[in-house]
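Step one of this worksheet: look at the structure below.
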Amino acid sequence: AVSMNGEPLDFPSTVAYRGAMLSGLPNFIMAIGYTNSSWTLKIGLLCEWFCRVLSHMDKAGYSSVRPVAPKNMETRPLLDFEAGYVKRSIDTLPKQGTQDPWKTTMSVSNDIKNLRKGAVDDGFLRYDKAPALAPAASKPAATDACRFELPRAPDSASASARSRTSRQVRQSEPASATP
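My numbering numbers the first residue of the sequence shown as 137 and each following residue consecutively.
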């Protein structure tokens with residue numbers, strides 16, 4: 137589950153930015169490959185783009201980035217794909233826009249132009265710096281808090297085995313490690 141400020145994220149109310157980030161959700165990236173070409177080619181381009189975003193953030197001292205969708209933007213389903221598993225879940229997925237950068241493209245040439253060579257600060261991404269530390273006596277500044285949790289295994293036997301394994305690892309580690 138993904139939550140923001142303690143509230144579960146309503147994926148259908150978000151819009152995909154470049155097919156990689158979700159409107160309003162900071163510091164989160166997803167990757168959907170091509171459905172009409174090599175899946176990993178698109179994933180590689182998305183990773184290159186996100187590394188460029190992270191480099192931009194490091195150089196400018198930003199700690200957060202989130203896409204901000206224009207109000208009243210026309211949207212459509214995230215995937216135009218006829219597979220049954222997509223059709224059955226399409227109402228639970230984010231949307232996409234009808235124009236770049238809100239359109240999830242399936243075009244290698246368009247993605248090379250936009251993901252590999254396009255600007256990482258195009259006016260749709262909001263970059264923020266971490267709030268200054270507040271004095272100890274005052275209340276800290278409000279910031280968005282996002283959380284991502286993987287679903288737990290329903291099988292209690294496998295959870296018990298994982299627990300035993302992690303206890304065994306901790307017990308076998310040295311008490312202190314000095315370089």
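Even for Gly, the Cβ is constructed at its ideal location relative to N, Cα and C.
Do residue j and residue i count as a contact pair if the criterion is CB distance below 8 Å?
i	j	result
P162	R202	yes
I226	L181	no
Y198	Y263	yes
G233	V151	yes
T240	I168	yes
S245	V204	no
Kindly indicate the opening and closing residues of the alpha helix (DSSP H) around residue i.
i	result
V189	175-196
V244	244-247
Y221	220-225
Determine the direct distance from the alpha carbon of residue j to that of residue i, and round the result to whole angstroms.
i	j	result
K217	K223	Per the sequence presented here, residue 217 reads as Phe, with Lys not at that position. Approximately 8 Å between the Cα atoms of the pair.
P148	K207	16 Å
A219	N141	34 Å
D257	P237	12 Å
A297	F164	For A297, the predicted structure reports a pLDDT of 44, less than 50, and the residue's modelled location is therefore unreliable. A value from the coordinates is still provided. Their backbone Cα atoms lie some 31 Å apart in a straight line.
S200	T171	30 Å
L145	K265	23 Å
A137	P267	27 Å
W175	T211	24 Å
P213	S139	22 Å
Y110	L215	Because the chain spans 137 through 315 in this model, residue 110 falls outside it and cannot be assessed.
F186	E143	26 Å
Could you give the first and the last residue of the continuous beta strand (DSSP E) run that contains residue i?
i	result
K231	231-233
A252	Before going further, note that residue 252 is Arg rather than Ala in the sequence given. Note, R252: premise wrong, no beta strand (DSSP E); not H, not E.
R151	One point to set straight first is that residue 151 is Val, not Arg, in the sequence displayed. It spans 151-153 - the beta strand (DSSP E) in which V151 sits, taken as one unbroken run.
V201	200-203
L261	261-264
M166	Careful: M166 lies outside any beta strand (DSSP E) and carries neither H nor E.
A140	In the sequence on display, residue 140 carries Met and not Ala. Run containing M140: 138-140, per the beta strand (DSSP E) assignment.
L213	Here the sequence assigns Pro to residue 213, which means Leu is not the residue at that position. Note, P213: beta strand (DSSP E), 211-213.
Please classify residue i as buried or exposed, where buried requires at least 16 other C-beta atoms within 10 Å of its C-beta.
i	result
N250	buried
P230	buried
A156	buried
K195	exposed
K178	buried
L269	exposed
M166	exposed
Between the Cα of residue i and the Cα atoms of the options, which residue gives the shortest distance?
i	options	result
S173	K253, M209, T211, M242	M242
R252	W175, V244, E184, E143	E184
L190	P267, D146, L261, A268	L261
G254	T176, R212, P144, H192	H192
M209	Q235, E143, S139	Q235
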